[in-house]
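See structure below.
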Amino acid sequence: MLQVALLTQPDRIHWCDGSDSEFAALTTQMEADGTLIPLNPQTHPRSWLHRSHPDDVARVEHLTFVCTSERDDAGPNNHWMAPADGHAQMDSLFEGCMRGRTMYVIPYCMGPIGSPLSRCGVEITDSPYVVANMRIMTRMGAPALARIEREGRFVRGLHSTGELDPNRRFIMHFPEELTIKSYGSGYGGNALLGKKCHALRIASHQARGEGWLAEHMLILGIENPQGETHYIAAAFPSACGKTNLAMLIPPEGYRRDGWKVTTIGDDICWMRPGADGRLYAINPEAGFFGVAPGTSQKSNPNALATIQHDTIFTNVGLTADNQPWWEGIDNGQVPVTDWRGEPYDPAKRPAAHPNSRFTVSARQCPSWSPMAEDAQGVPISAIVFGGRRASLVPLVFEARDWAHGVLVGAAMGSETTAAATGAVGVMRRDPMAMKPFCGYNFADYFAHWLSFDKPGAKLPKVFHVNWFRKGDDGKFLWPGFGDNLRVLEWMIERVEGRAGAVETPIGNLPREGDLHIDDVPLSDEARSKLFGFDAPGWRSEFASIGEYLDGYGARLPAALKAVRSSIAAQMEPR
Ligand code: GTP
Ligand code: SPV
Ligand code: MN
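Using our numbering, you'd call the opening residue of the sequence shown number 128 and step up by one each time.
This is how it looks when you write it as structure tokens:
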């Protein structure tokens with residue numbers, strides 16, 4: 128701490144206690160300097176709009192580094208720098224950067240304070256916006272500090288918004304030292320270091336050594352009419368539907384029959400085997416940093432209810448009476464000001480940035496589960512992988528066993544979104560939705576996943592879904608959102624050994640009759656594409672998966688290669 132202050136030269140140091148009064152003082156100060164714009168107090172009490180710098184609106188994968196002593200330990204999936212060079216580069220940026228500013232010291236805990244699965248960290252930052260967001264997203268303040276003092280081990284994070292110059296911006300990780308240095312961005316995953324930097328990149332590295340998993344997954348509970356609850360963890364890439372699925376409201380008939388969905392987490396999942404051999408999961412976060420565009424009473428009523436008060440909105444538009452607005456909100460209102468603070472002109476830009484977000488406490492969510500505070504975590508019955516695939520990939524299929532499930536995750540592909548800077552809509556491999564977040568070599572990561580299959584293990588079943596299959600007209604073929612429960616129901620029935628399926632080389636697919644979709648209007652094209660297996664298409668997909676995996680060279684586990692080759696061989700025309 129002292130060293131950091133000597134390097135960065137702040138005028139003041141503030142130790143964050145996480146209290147209400149501290150939060151109130153910070154927001155008042157940010158209202159005064161324009162960092163936060165208060166929203167309409169009648170419609171959105173204690174809520175604000177923050178406009179970020181227009182060049183600082185998303186994660187920057189090309190400026191994100193994993194600095195391990197051996198280059199190969201970071202792997203082809205990460206940008207790498209030698210730790211000494213990384214530190215030198217970052218420290219020269221940090222030199223004197225907090226002059227005239229306040230340095231905030233944020234002790235935080237990722238996960239319930241009393242859980243053995245939780246881990247702590249301290250983020251030092253010069254951004255009061257980061258402090259306010261970390262207060263919502265983590266267990267921040269005195270109880271975290273007490274745990275840190277007891278344990279002595281914590282992740283060290285240093286952050287400065289710097290000049291917000293994209294040419295002087297780096298997000299650097301030193302997993303061997305449990306250290307993060309982030310400079311030049313104030314945005315979400317670049318700056319709230321507890322989130323992607325700690326809970327995924329550093330934690331995944333730590334988890335490998337300690338026998339657990341840190342994943343980019345939502346966690347939800349499904350209670351059936353018999354009152355039995357199954358927990359499901361699902362990995363979808365950024366802006367591909369985790370928040371929406373985690374807060375799913377069952378279709379009407381299901382509600383009438385007594386189905387309930389509860390939310391444990393919407394972005395990150397830490398899992399480890401329990402004494403009974405099952406995987407137990409916690410959500411290390413305490414809030415949601417969710418995508419605003421597309422959130423409506425129709426698509427995600429739970430999210431909309433959650434963000435009616437005590438919410439920070441970043442980069443959304445405004446109505447004439449200071450209500451937040453985004454594309455797809457569909458509430459009959461109109462924006463007058465866009466996310467850059469200029470008069471709204473649809474010819475110029477959308478009102479809300481496509482990666483605009485809300486930060487809100489998870490406790491405000493109507494579907495929030497008390498089990499999210501459970502120190503032992505929840506037992507996972509099924510793991511779901513999925514991406515945005517306009518073509519080829521059916522609605523759902525089931526992996527035959529754990530090793531096949533690991534291949535299904537490793538082979539994931541998805542079209543890129545606005546959550547990271549760069550082109551949108553380009554298909555890329557995003558294994559387990561962790562391409563931007565795995566803090567070590569993917570080859571070792573796949574081996575780590577495979578290692579969970581050992582005597583005594585009672586592993587979840589693994590599935591793959593695609594809510595984003597399009598028809599010849601370019602429109603989504605599956606209604607998605609609440610109707611996704613129909614697919615989750617099939618998974619649970621498969622877990623319980625009740626539902627039927629057809630075997631194909633890529634895994635087990637439901638027949639149309641295995642899903643309750645009688646009241647879902649689906650065209651013949653939709654039915655054949657959502658439930659069909661396109662052999663020639665998958666043959667070339669498997670060739671492409673093979674080429675991708677070959678990029679990991681000799682480190683790639685032989686068992687994974689063997690699963691891929693055997694499926695590819697089954698698909699060869701005879
Ligand atoms: P991160 O917070 O970036 O990790 O993303 P996320 O996976 O939580 O994404 P989120 O749930 O916010 O999804 C964002 C986008 O996916 C929005 O454009 C949604 O409208 C769209 N989306 C979510 N679920 C569905 C679905 O079932 N069908 C379709 N067609 N779109 C969906
Ligand atoms: C993502 O991009 O996957 C997010 C948002 O969840 S951020 O916190 O910016 O990483
Ligand atoms: Mn995410």
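For each residue, glycine too, the CB sits at the ideal point set by N, CA and C.
Write down the C-beta distance between residue i and residue j rounded to the nearest angstrom, noting that I regard them as a contact closer than 8 Å.
i    : j    : result
C194 : F297 : So it is not a contact: roughly 10 Å between Cβ atoms.
G311 : L291 : 6 Å
N442 : V184 : 6 Å
M264 : G145 : Not a contact, Cβ separation roughly 12 Å.
D571 : R682 : 7 Å
A537 : I391 : Between I391 and A537 the Cβ distance is about 25 Å, and since that is not below 8 Å, they are no contact.
A474 : P462 : A474 to P462, Cβ: 14 Å. No contact.
G313 : S179 : 6 Å
Quick one: residues in its chain with C-beta nearer than 7 Å to the C-beta of residue i, no 5 flanking neighbours on either side, listed in chain order?
i    : result
T464 : G444, L445, P470, Y471
K369 : L345, A361, F363, D393, D394
R476 : D465
G289 : L220, C224, R295, Y310, G311
L305 : V282, R283, I329
A686 : A530, L577
M698 : P632, A662, W665, R666, F669
S196 : P210, E303
Spatial neighbours of residue i within its chain, please: CB distance less than 6 Å, with the 5 preceding and 5 following residues excluded, ordered by chain position.
i    : result
C396 : E342, M344, I346, A360, A408
G202 : N568, F569
R405 : P506, K585
G238 : L244, S245, I409, P411
M157 : L163, P255
T389 : G348, S494, S496
T356 : G348, E350
When DSSP labels each residue in this structure, what does residue i get in the three-state scheme?
i    : result
P364 : coil
P234 : strand
K308 : strand
E379 : helix
E350 : strand
P506 : strand
R625 : coil
S693 : helix
K602 : coil
L687 : helix
P632 : coil
R226 : coil
W207 : strand
A341 : strand
W466 : coil
W665 : helix
P582 : coil
H643 : coil
L680 : In the sequence as presented, Leu is not what sits at residue 680; that position holds Gly. Residue state, collapsed to three classes: helix.
R139 : strand
G404 : coil
K597 : strand
Tell me, please, which residues DSSP counts as bridged to residue i.
i    : result
I409 : W397
R484 : V418, T441
A547 : R186
H591 : F512, F524
Y358 : G348, I507
C247 : C236
H300 : V193, I307
S118 : Since the displayed the chain opens at 128 and closes at 701, residue 118 lies outside it and no answer follows.
K387 : E350
L285 : I251, K308
Closer than 8 Å by C-beta to residue i: which residues in its own chain qualify, once you throw out the five before and the five after it? Chain order, please.
i    : result
V418 : A366, T370, N482, S483, R484, A546
A695 : R666, F669, A670, G673
G514 : F363, P364, C367, V520, M539, G540, S541, E542, D557, A560, N593, F595
I240 : R266, P270, A271, R274
D457 : S423, Q424, K425
G549 : E188, H189, T543
Exercise. Would you be able to state if there are at least three C-beta pairs under 8 Å between the region 221-228 and the region 354-368?
Key: no
Quiz item: With contact counted as at least three CB pairs below 8 Å, one residue from each stretch, are the region 585-595 and the region 529-537 in contact?
Solution: yes
Self-check item: contact_flag[the region 230-247, the region 266-281] where n(CB pairs < 8 Å) is 3 or more
Solution: yes
Quiz item: Between the region 621-640 and the region 545-562, are three or more C-beta pairs nearer than 8 Å?
Solution: At 8 Å Cβ cutoff, the stretches do not touch.
Quiz item: Would the region 604-611 and the region 531-544 be scored as touching if the rule is three or more Cβ pairs under 8 Å?
Solution: no
Exercise. Decide yes or no for the touch test of the region 446-453 against the region 161-178: beta carbon pairs closer than 8 Å, at least 3 of them.
Key: yes
Quiz item: Do the region 636-653 and the region 518-527 make contact, defined as three or more Cβ pairs closer than 8 Å?
Solution: Touching, yes.
Quiz item: Touching or not, the region 434-441 and the region 494-502, by the rule of three or more beta carbon pairs under 8 Å?
Solution: no
Quiz item: So does the region 349-359 actually touch the region 572-584, counting three or more Cβ pairs closer than 8 Å?
Solution: no
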